[in-house]
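K.L.:
In the numbering used here, the protein residues as written are 81 to 193.
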């Protein structure tokens with residue numbers, strides 16, 4: 081079984097200046113807390129927020145999500161078929177030393193409170 085962080089509670093006020101937080105349990109059973117504030121929101125292209133995670137020393141980082149529409153293809157019994165549109169996600173963080181990652185994902189926008 082893969083090691084995963086399990087989120088048990090989430091709150092989000094998805095507007096500039098709004099706060100978000102996650103509570104959960106680490107793979108070894110310890111509690112964790114993440115929180116931040118939304119800095120920039122430009123649907124459906126951009127989301128920028130701060131992030132503070134207690135499991136990495138409460139260092140404040142800035143996370144920038146750049147979203148681009150793209151075709152989504154899936155496997156079917158007879159081969160690959162176009163299934164609709166998705167989102168290409170580019171994510172980067174800034175802290176005392178910059179780290180950048182990129183990945184592809186299909187996302188749904190939602191508002192949670």
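Just so it is clear, CB atoms sit at the ideal spot from N, CA and C, and this is done for glycine as well.
Can you tell me where the beta strand (DSSP E) with residue 105 in it begins and where it stops?
P.N.:
From DSSP, the beta strand (DSSP E) with residue 105 extends over 99 to 105.
K.L.:
Could you tell me whether the Cβ atoms of residue 129 and residue 116 are closer together than 8 Å?
P.N.:
Yes, these two residues count as a Cβ contact at 8 Å.
K.L.:
In chain order, what residues of the same chain have a beta carbon less than 8 Å from the beta carbon of residue 134, not counting five sequence neighbours either side?
P.N.:
If we look at residue 134 and ignore the five residues flanking it on each side, its Cβ neighbours are 112, 113, 114.
K.L.:
Tell me which same chain residues have a C-beta within less than 8 Å of the C-beta of residue 105, skipping the five on either side of it?
P.N.:
Once the five neighbours on either side are set aside, the close Cβ partners of residue 105 are 85, 86, 88, 111, 112.
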